[in-house]
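Colleague: One structure is given below, represented as structure tokens, and several questions about it will come after.
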Amino acid sequence: MAVVSKGLEGIVAAETRLGEVRGQEGVLFYCGYDINELAGKVSYEEVVHLLFYQRLPNRAELDKLTTALRAEREIPQGVIDYLQSAPKSARPIDVMRTAVSMLGCYDTMRHDLDMSHEQATAIKLVAQIGVIAAYFHRARNGQSLPPVRKDISEAAHFLYLMTGEVPTKEAEQTLDVAYVLHAEHGFNASTFTARVVASTLSDMHSAISAAIGALKGPLHGGANEGVIHMLEEIGSPDKVDAWVEDALAQKKKIMGIGHRVYKVLDPRAPHLRDMAVKLTEQLGEPKWIQMSERIATIMRERKSLNANVDFYSATVYYSLGIPTDLFTPIFAIARMSGWTAHVLEQWSENRLFRPMSEYVGRPYGQKVVPIDER
Ligand SMILES: CC(C)(COP(=O)(O)OP(=O)(O)OC[C@H]1O[C@@H](n2cnc3c(N)ncnc32)[C@H](O)[C@@H]1OP(=O)(O)O)[C@@H](O)C(=O)NCCC(=O)NCCS
Numbered sequence: 009m010a011v012v013s014k015g016l017e018g019i020v021a022a023e024t025r026l027g028e029v030r031g032q033e034g035v036l037f038y039c040g041y042d043i044n045e046l047a048g049k050v051s052y053e054e055v056v057h058l059l060f061y062q063r064l065p066n067r068a069e070l071d072k073l074t075t076a077l078r079a080e081r082e083i084p085q086g087v088i089d090y091l092q093s094a095p096k097s098a099r100p101i102d103v104m105r106t107a108v109s110m111l112g113c114y115d116t117m118r119h120d121l122d123m124s125h126e127q128a129t130a131i132k133l134v135a136q137i138g139v140i141a142a143y144f145h146r147a148r149n150g151q152s153l154p155p156v157r158k159d160i161s162e163a164a165h166f167l168y169l170m171t172g173e174v175p176t177k178e179a180e181q182t183l184d185v186a187y188v189l190h191a192e193h194g195f196n197a198s199t200f201t202a203r204v205v206a207s208t209l210s211d212m213h214s215a216i217s218a219a220i221g222a223l224k225g226p227l228h229g230g231a232n233e234g235v236i237h238m239l240e241e242i243g244s245p246d247k248v249d250a251w252v253e254d255a256l257a258q259k260k261k262i263m264g265i266g267h268r269v270y271k272v273l274d275p276r277a278p279h280l281r282d283m284a285v286k287l288t289e290q291l292g293e294p295k296w297i298q299m300s301e302r303i304a305t306i307m308r309e310r311k312s313l314n315a316n317v318d319f320y321s322a323t324v325y326y327s328l329g330i331p332t333d334l335f336t337p338i339f340a341i342a343r344m345s346g347w348t349a350h351v352l353e354q355w356s357e358n359r360l361f362r363p364m365s366e367y368v369g370r371p372y373g374q375k376v377v378p379i380d381e382r
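To convert, take the position in the sequence shown, counting from 1, and add 8; that gives the numbering used here.
Okay, here's the thing in structure tokens:
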């Protein structure tokens, strides 16, 4: 008899050369590099190269990729029109999902490239996703949309478009490290979604719009927004214990805590925690990190659960002055490299995903009763 694994827990659904998550040890590798080896030592653009080509670039290769990314930043006028006409109250992650889908309608085949159309589409998506998020944010605030620049990094460019000012080196580096830490994570729900869509030989934009839809859920990338809402609701460090006890009694999930695969500390969390501590100190607002630390301690002691990537990234983004509803879009911006690399990998050795289900419904042999007699 087939074994049912709810949520596909423990099931290995394919091989990958991209990322490995070792849950029992709390270790994460991108193409053989420990995340602790990469974070702070390589830029996000180097990680994009690593994921696309499975090796870190030399200087010439990095220059080539960086130039290609920056050349693709401009988004079609039709998508800009949509970003300016979308409801101002819409969630940025929903607008992003829709805009990515629209981009697919403008994805015309080019023959002047030394790469496949699919690879070129992946580069375009990595380059344009941040522009979409920043432009919608400005449009909903009634602000003008600055032309894209081609002389600053992916992280700096997002902050530049969002605020209209080139960020400080420190803000750029902070976001860059956050991008590096979020770029890839094996067969998480959104990446798996992208690969399932790709496995039908659908197109890249369909796979990525679906992935964004999966990411936005609070059990996945939406948790980082939930963390700030939770901290705001708690209000001050002295209220943490009672709030958490109450939430646990009501069997509520504490956002940013726990993980399907990591049974020890998520290796990305300490990097984000260190950045959060530094930034909140500089801002003179240590209460956010104090509340976070207390929540993490209680959850470790009471439930043996640890903080995950979303727990401290929320405070990092908040300290950078980024609005809460852009936290999950930032996750999507960083993960775009991982998603597209996975889609390319799926197509390189495709097999349609088609699992089975165990039927547990009404007994077999039901007879149709005429509609007026039911
Ligand atoms: C990520 C998540 C969905 C994993 O769920 P999961 O695979 O069911 O987790 P586990 O099997 O390890 O859960 C073990 C127990 O801890 C509980 N638990 C897990 N995460 C919890 C949380 N954040 N708050 C409270 N209890 C939690 C589960 O309900 C379960 O309790 P039970 O044994 O009484 O049923 C879950 O931890 C969660 O919802 N976390 C909050 C959302 C989040 O931060 N998501 C981002 C992940 S990167």
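Every residue gets a Cβ at the ideal spot worked out from N, C-alpha and C, and that includes glycine.
Since this is a predicted model, take the numbers as computed values, not measurements.
1) Taking only runs that begin and end inside the stretch 315-372, name each unbroken alpha helix (DSSP H) of 4 or more residues, in chain order.
2) Taking the Cβ atom as the reference point for each residue, do Y187 and A163 lie within a distance shorter than 9 Å?
3) Where do the N-terminal and C-terminal ends of the beta strand (DSSP E) with V35 fall, by residue?
4) Can you give me the C-alpha to C-alpha distance between T216 and G31, rounded to a whole angstrom?
5) What number of angstroms, rounded off, separates the C-alpha of K286 from the C-alpha of E366?
6) Could you say which of E28, M117, A76, K177 lies nearest to Q136 if we only look at CA atoms?
7) So, do the stretch 344-359 and the stretch 200-211 have three or more beta carbon pairs nearer to each other than 8 Å?
8) Taking V29 as part of the beta strand (DSSP E), name the residues at either end of that continuous run.
9) To which residues of the same chain is T24 closer than 8 Å at the C-beta, ignoring the five residues directly before and after it?
10) Please list the terminal residues of the continuous alpha helix (DSSP H) segment that includes A98.
11) A68 to P84, Cα distance in whole Å?
12) At a cut-off of 8 Å, is N316 close to ligand 1 when judged by its beta-carbon and the heavy atoms of the ligand?
13) Taking the Cβ atom as the reference point for each residue, do D184 and G34 lie within a distance shorter than 9 Å?
14) Return the CA-CA distance between Q258 and L64, expressed in angstroms with no decimal places.
15) Would you tell me roughly how many angstroms separate the C-alpha atoms of S244 and D254, rounded to the nearest one?
16) When you compare only the Cα positions, how much space is there between A405 and Q290?
17) Indicate whether the contact test is met: 3 or more Cβ pairs, each with one atom in the stretch 363-382 and one in the stretch 213-232, closer than 8 Å.
18) What is the DSSP secondary structure of Y270, counted as helix, strand or coil?
19) Between the stretch 335-343 and the stretch 221-234, can you find at least three pairs of beta-carbon atoms closer than 8 Å?
20) Applying the 10 Å Cβ sphere with the 16-neighbour rule, what's the burial state of P95?
21) Would you mind working out which of Q127, K311, R310, S300 sits nearest V317, comparing C-alpha positions?
22) What is the DSSP secondary structure of I262, reduced to helix, strand or coil?
23) Can you tell which of L328, R268, L256 has its C-alpha closest to the C-alpha of I303?
24) When every heavy atom of ligand 1 is checked, does at least one fall within less than 8 Å of the C-beta of A10?
25) Is L380 helix, strand or coil when you go by DSSP?
26) Cα separation between A342 and Q374?
27) Using 8 Å as the threshold, is the stretch 165-183 in touch with the stretch 115-133, meaning 3 or more CB pairs across them?
28) Would you mind giving the Cβ-Cβ distance between L111 and V87, rounded to the nearest angstrom? I have them listed as a contact below 8 Å.
29) State yes or no: is the C-beta of R308 nearer than 8 Å to some heavy atom of ligand 1?
30) Specify, as a first and last residue, the run of the alpha helix (DSSP H) that E80 falls within.
Modeller: Quick look at the numbers:
1) 317-327, 335-356
2) Indexing the sequence shown from 1 puts residue 187 at position 179. Indexing the sequence shown from 1 puts residue 163 at position 155. For Y187 and A163, yes; Cβs fall inside 9 Å.
3) Here residue 35 refers to the residue found at position 27 when the sequence shown is read from its first residue. Run containing V35: 35-38, per the beta strand (DSSP E) assignment.
4) On the sequence shown, position 208 is the one that residue 216 refers to. On the sequence shown, position 23 is the one that residue 31 refers to. Here residue 216 is Ile; the residue named in the question, Thr, does not match the sequence. I216 and G31: Cα-Cα distance of roughly 26 Å.
5) As a working note, residue 286 is residue 278 in the sequence shown. As a working note, residue 366 is residue 358 in the sequence shown. Straight-line Cα distance between these residues: approximately 50 Å.
6) Mapped onto the sequence shown, residue 136 falls at position 128. The shortest Cα separation from Q136 among E28, M117, A76, K177 belongs to A76.
7) yes
8) Working through the sequence shown from its first residue, we reach residue 29 at position 21. Note, V29: beta strand (DSSP E), 27-30.
9) Taking the sequence shown and counting its residues from 1, one reaches residue 24 at position 16. The residues are G194, F195, H350, E353.
10) Residue numbering aside, residue 98 sits at position 90 when the sequence shown is read from its first letter. Premise fails: A98 is in no alpha helix (DSSP H) and is neither H nor E.
11) As a position in the sequence shown, residue 68 is number 60, starting the count at 1. As a position in the sequence shown, residue 84 is number 76, starting the count at 1. Approximately 29 Å, taken between the alpha carbons.
12) As a position in the sequence shown, residue 316 is number 308, starting the count at 1. N316: yes, Cβ under 8 Å from ligand 1.
13) For the purposes of this step, residue 184 is taken as the residue at position 176 of the sequence shown. For the purposes of this step, residue 34 is taken as the residue at position 26 of the sequence shown. No. Outside cutoff.
14) Position 250 of the sequence shown, counted from the start, is the residue given in the question as residue 258. Position 56 of the sequence shown, counted from the start, is the residue given in the question as residue 64. When rounded, the distance between both Cα atoms is 47 Å.
15) Here residue 244 refers to the residue found at position 236 of the sequence shown. Here residue 254 refers to the residue found at position 246 of the sequence shown. Each residue's Cα considered, the two are about 16 Å apart.
16) Because residue 405 is not part of the residues shown, which for the chain are 9 to 382, the question remains open.
17) no
18) For the purposes of this step, residue 270 is taken as the residue at position 262 of the sequence shown. Looking at Y270 - three-state DSSP - the assignment turns out to be coil, as it is neither helix nor strand.
19) yes
20) Taking the first residue of the sequence shown as position 1, residue 95 is located at position 87. Exposed.
21) One-based indexing of the sequence shown puts residue 317 at position 309. Checking every option, the nearest Cα to that of V317 belongs to S300.
22) Here the question's residue 262 lines up with position 254 in the sequence shown. If DSSP states are grouped into helix, strand and coil, I262 belongs with coil.
23) Locating residue 303 in the sequence shown gives position 295, counting from the first residue. For I303, the nearest C-alpha among the options comes from L256.
24) Working through the sequence shown from its first residue, we reach residue 10 at position 2. The answer is no for A10.
25) Your numbering for residue 380 matches position 372 in the sequence shown. Looking at the sequence shown, residue 380 is not Leu but Asp. D380 falls in the helix class under three-state DSSP.
26) For the purposes of this step, residue 342 is identified with residue 334 of the sequence shown, where counting begins at 1. For the purposes of this step, residue 374 is identified with residue 366 of the sequence shown, where counting begins at 1. Distance between the alpha carbons of A342 and Q374 is about 50 Å.
27) no
28) As a first step, residue 111 is located in the sequence shown; it is residue number 103 there, counting from the start. As a first step, residue 87 is located in the sequence shown; it is residue number 79 there, counting from the start. That pair is a contact at about 6 Å.
29) For this step, residue 308 is matched to residue 300 along the sequence shown. No, since every heavy atom of ligand 1 falls outside the 8 Å radius drawn around the Cβ of R308.
30) One-based indexing of the sequence shown puts residue 80 at position 72. Careful: E80 lies outside any alpha helix (DSSP H) and carries neither H nor E.
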